[in-house]
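S.K.:
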Amino acid sequence: MLGFGKNISELVRKILTRTTVDAEAVEDLVKGLQRILLQTDVDVKLVFELSENIRRRCLKEKIPPGLTLREQVMKVVYEELVKLLGEEKAGLIGKKRIMLLGLFGSGKTTTAGKLARYFQKQGLKPAMVCCDYHRPAAPEQLSQLGDKLHVPVHVSKEKNPYNALKEGLGKFNKYDTIIIDTAGRDALDKKLAEELKKMDKICQPDEVLLVIPADIGRIGGKQAEEFNNLVGITGVVVTKMDGTAKGGGALSACSVTGAKVKFIGTGEKIENLEVYDPVRFVSRLLGLGDLQALLEKAKETELKEEDVEKFLSGRFTLQDFYEQIGGMQKMGPLSNVMDMIPGLGHAIPEDVLVVQEEKMKKYKYIIDSMTKEERKDVDLIHSSRINRIAKGSGTSQKDVRDLVKQYNQTKKLMKKMGGVKGMKRGTLKDIAKKFGLKF
Amino acid sequence: MFAAGDSFRAASIEQLEEHGRKLSINVIKHKYGADSAAVIFDAKKHAESRKIDVVLADTAGRTHVNKNLMDELNKVVRVNKPDLKILIIDSLVGNDAVPQAKMFDEGVGVDAVMFTKVDVNEKGGCILSVAHTLKKPILFLGFGQKYSDIKTFKPEEFIENII
Chain S
1 MLGFGKNISE
11 LVRKILTRTT
21 VDAEAVEDLV
31 KGLQRILLQT
41 DVDVKLVFEL
51 SENIRRRCLK
61 EKIPPGLTLR
71 EQVMKVVYEE
81 LVKLLGEEKA
91 GLIGKKRIML
101 LGLFGSGKTT
111 TAGKLARYFQ
121 KQGLKPAMVC
131 CDYHRPAAPE
141 QLSQLGDKLH
151 VPVHVSKEKN
161 PYNALKEGLG
171 KFNKYDTIII
181 DTAGRDALDK
191 KLAEELKKMD
201 KICQPDEVLL
211 VIPADIGRIG
221 GKQAEEFNNL
231 VGITGVVVTK
241 MDGTAKGGGA
251 LSACSVTGAK
261 VKFIGTGEKI
271 ENLEVYDPVR
281 FVSRLLGLGD
291 LQALLEKAKE
301 TELKEEDVEK
311 FLSGRFTLQD
321 FYEQIGGMQK
331 MGPLSNVMDM
341 IPGLGHAIPE
351 DVLVVQEEKM
361 KKYKYIIDSM
371 TKEERKDVDL
381 IHSSRINRIA
391 KGSGTSQKDV
401 RDLVKQYNQT
411 KKLMKKMGGV
421 KGMKRGTLKD
431 IAKKFGLKF
Chain B
1001 MFAAGDSFRA
1011 ASIEQLEEHG
1021 RKLSINVIKH
1031 KYGADSAAVI
1041 FDAKKHAESR
1051 KIDVVLADTA
1061 GRTHVNKNLM
1071 DELNKVVRVN
1081 KPDLKILIID
1091 SLVGNDAVPQ
1101 AKMFDEGVGV
1111 DAVMFTKVDV
1121 NEKGGCILSV
1131 AHTLKKPILF
1141 LGFGQKYSDI
1151 KTFKPEEFIE
1161 NII
């Protein structure tokens, strides 16, 4: 659901850039969408519904005045996808007791840590309770995550999930949010199902989140249904979104339970958790971009708005590059950032953006060894300066050359991107207006 | 002997140690953030000097598209030249199992495959597609939480089950 972006973007672009958009084009679009969605484990029924809706609204119903068929198709596809993905954005602020559950190895404990970090960033005080005493070292895992974040973790000494829960809820009563990590389980296993029910009764959670990996197959729906019958699910966290999996199975899980996706996990680091906003997601998917998310991310990493502007305009020096290396690393891989820029989503070859983290560190040392003038004007850097910089920073001449090359490449890329942005802004606003979106 | 090659995830080392304690198997470990290849190398040397038959090297979970992590895995292979590289796949995975398996194979080379959680997904369609894509032997199936919940993969049994 969340990862089939590239294919859908391509499809939509291919069809909507045809010279004429007619019934045949709509049919091609629907067929293409069906293929993509089915390949990604989305439930057949859902796909059928979506295609019927698109056909009906584009071909049978009267198109609203002022819109061409092309625009109507875009609008309908957009709205139907948003509907498929769950309409409203749902945060978790104000929820006190949050219980995480799911199958084995879906990433519950990691998600608990990430959620705690998320609440911290919102200025709230979270605490965590470990109720997993089946898997070896599960309490240690949660404790280690808690230590890193300075979030208190309650672990029951007698290794009893019920006691852990009671004690933890009492102990952390004054905290803003209590995140309860449970053991992984097969929802059809009677014993484990009973345990879950009993915990739910003790806990009385405000929010029950099902943690489900993006790569899960059709079984996701069945398990989700079973979990929902047991305790009632209020939301879904889709993990492992950074692979090639598109999350179709997780989507089926949502439609079965009626619960919405609340967060997506996009990497192994504690910061890699995003509030899931379907409206924005679909805009990103259809190449409308997500500047909002870009700016929000930049804010989190303490980059200023003007920095982002500067960065996008290609007017940045090595000094800026240096200052941003730290921030950029926190923002995640450059390719993630690029996805958020209108009209740019998939236009950039991936390998240009992959800068290895070790290299980033080296780059920092190298820039440290440069003079002020060199930082302002890279063209000054020639062989004898390269030699000096390499010696000064304890790196090789090749590293220095690589940095210069990378900087020039990035700069060129940014310039190009700035151009795209400038060009698209007009049309973007137009489109946004038609879609009733705020940019 | 176990080698705690996952030095990234919180408590991964403790988890392996607990298994080691229960099964009376030694665990060779470094600190968190240590170089995975080096940990496994140490375990290998240690096992050679003690005449231990098998070293089971655990590595950190990773997505097949993360270049940095795949490079790390490649280094582990380069340094240690393992006799057998086993890809562990969750049998609940849907269509994505194929690109996962393929990219791991292309990235570091996979010698054999093992599927986990077959008790939850008794059909396990992805086993079929992975077997077809990789053409590599399937060694074992994991079907539960206990140490004894593992069995050798028998194609006939599997086919009977899905038909």
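These protein sequence lines map, in sequence, to chains S and B. Just so you know, the numbering used here puts the end of the first sequence at 439, numbered straight through with nothing missing. Just so you know, the numbering used here puts the end of the second sequence at 1163, numbered straight through with nothing missing. Quick reminder that beta carbons are idealized off the backbone N, C-alpha and C, glycines included. Every value quoted in this text rests on a predicted model; they were computed, and no experiment measured them.
Can you give the Cα-Cα distance for S/Lys60 and S/Lys83, rounded to whole angstroms?
M.R.: 20 Å
S.K.: How is B/Thr998 classed by DSSP in three states: helix, strand or coil?
M.R.: Residue 998 of chain B falls outside the range modelled here, since chain B spans only 1001 to 1163, and no answer is possible.
S.K.: Are the CB atoms of B/Ile1162 and B/Lys1123 nearer to each other than 8 Å?
M.R.: yes
S.K.: Compute the distance between the beta-carbons of B/Ser1091 and B/Asn1121, then report whether it is under 8 Å.
M.R.: yes
S.K.: What residue range does the alpha helix (DSSP H) around B/Glu1106 cover?
M.R.: Per DSSP, the unbroken alpha helix (DSSP H) holding B/Glu1106 starts and ends at 1097-1108.
S.K.: At the 8 Å Cβ level, is B/Asp1035 part of the contact set with chain S, yes or no?
M.R.: B/Asp1035 does not count as touching chain S.
S.K.: Name, please, each residue of chain S whose Cβ falls closer than 8 Å to the Cβ of B/Glu1160.
M.R.: Those do not exist, as B/Glu1160 stays about 20 Å from chain S at its closest Cβ, beyond 8 Å.
S.K.: Tell me the DSSP secondary structure of B/Met1001 in three-state form.
M.R.: coil
S.K.: Does the beta carbon of B/His1132 come closer than 8 Å to any beta carbon on chain S?
M.R.: no
S.K.: Determine whether the Cβ of B/Lys1117 lies closer than 8 Å to any Cβ atom of chain S.
M.R.: At least one CB atom of chain S sits nearer than 8 Å to the CB of B/Lys1117.
S.K.: Could you have a look at B/Val1079 and say whether DSSP puts it in helix, strand or coil?
M.R.: Residue state, collapsed to three classes: helix.
S.K.: Is there a C-beta anywhere in chain B that falls below 8 Å from the one on S/Leu104?
M.R.: What sits at residue 104 of chain S in the sequence shown is Phe, not Leu. By this cut-off, S/Phe104 is an interface position.
S.K.: Along the region 1057-1079 of chain B, where does the CB come closer than 9 Å to a CB of chain S? Name the residues.
M.R.: Ala1060, Gly1061, Arg1062, Thr1063, His1064, Val1065, Asn1066, Lys1067, Asn1068, Leu1069, Asp1071
S.K.: Within 8 Å, do at least three Cβ pairs link the region 126-139 of chain S to the region 175-187 of chain S?
M.R.: Contact between the region 175-187 of chain S and the region 126-139 of chain S is present, because at least three Cβ pairs lie under 8 Å.
S.K.: What's the call for B/Gly1109, buried or exposed, on a 16-neighbour Cβ count within 10 Å?
M.R.: exposed
S.K.: Enumerate in chain order the residues of its own chain whose CB-to-CB distance from S/Ile98 is below 6 Å, with the five nearest sequence positions on each side excluded.
M.R.: Ile179, Glu207
S.K.: For the region 382-416 of chain S, which residues have a beta carbon sitting closer than 7 Å to at least one beta carbon of chain B?
M.R.: none
S.K.: Apply the 10 Å Cβ neighbour rule to S/Leu67 and answer buried if 16 or more other Cβ atoms are within range, or exposed otherwise.
M.R.: exposed
S.K.: Select from S/Asp176, S/Ser393, S/Asn160, S/Thr17 the residue whose C-alpha is nearest the C-alpha of S/Gln120.
M.R.: S/Asp176
S.K.: Assign S/Glu80 to one of two classes, buried (16 or more other C-beta atoms within 10 Å of its C-beta) or exposed (fewer than that).
M.R.: Classification for S/Glu80: buried.
S.K.: Could you name the residues of the same chain whose beta carbon sits closer than 7 Å to that of S/Asn387, not counting the 5 residues immediately before and after it, in chain order?
M.R.: Gln397
S.K.: What residues of chain S sit near B/Val1093, judged by a beta carbon separation below 7 Å?
M.R.: Asp215, Ile216, Gly217
S.K.: Rounded to whole angstroms, what is the Cα-Cα separation between S/Leu149 and B/Cys1126?
M.R.: 38 Å
S.K.: At a CB distance below 7 Å, what residues from the region 1011-1033 of chain B approach chain S? Give them in sequence order.
M.R.: Ala1011, Glu1014, Gln1015, Glu1018, His1019
S.K.: Output needed for S/Pro139: all residues of its chain with C-beta closer than 6 Å, excluding positions within five of it in sequence on either side, in chain order.
M.R.: Cys130, Val155
S.K.: Could you pull out every residue in the same chain whose Cβ sits closer than 8 Å to the Cβ of S/Gln72, ignoring the five residues on either side in sequence?
M.R.: Arg57, Cys58, Ile63, Pro64
S.K.: For S/Leu145, which residues in chain B fall below 9 Å Cβ to Cβ?
M.R.: Ala1010, Ala1011
S.K.: Can you give the Cα-Cα distance for B/Ser1036 and B/Gly1020, rounded to whole angstroms?
M.R.: 18 Å
S.K.: From B/Gln1145 to B/Ala1112, what distance separates their C-alpha atoms?
M.R.: 22 Å
S.K.: What would DSSP say about S/Ala253, mapped onto helix, strand or coil?
M.R.: helix
S.K.: Tell me whether S/Gln204 is buried or exposed, calling it buried when 16 or more other Cβ atoms sit within 10 Å of its Cβ.
M.R.: The residue in question, S/Gln204, is exposed, as its Cβ has fewer than 16 Cβ neighbours within 10 Å.
S.K.: Is S/Gly102 helix, strand or coil when you go by DSSP?
M.R.: strand
S.K.: Just to confirm my understanding: we take S/Leu230, look at its own chain, exclude 5 residues before and 5 after, and list those with CB closer than 7 Å. What are they?
M.R.: Ala187, Ala193, Leu196, Lys197
S.K.: Here's the rule I'm using: 16 or more other beta-carbon atoms within 10 Å means buried, otherwise exposed. How should B/Leu1023 be labelled?
M.R.: exposed
S.K.: Helix, strand or coil: how does DSSP classify S/Lys157 here?
M.R.: DSSP places S/Lys157 in coil when its eight states are reduced to three.
S.K.: Which residues bound the alpha helix (DSSP H) around S/Val26?
M.R.: 23-39
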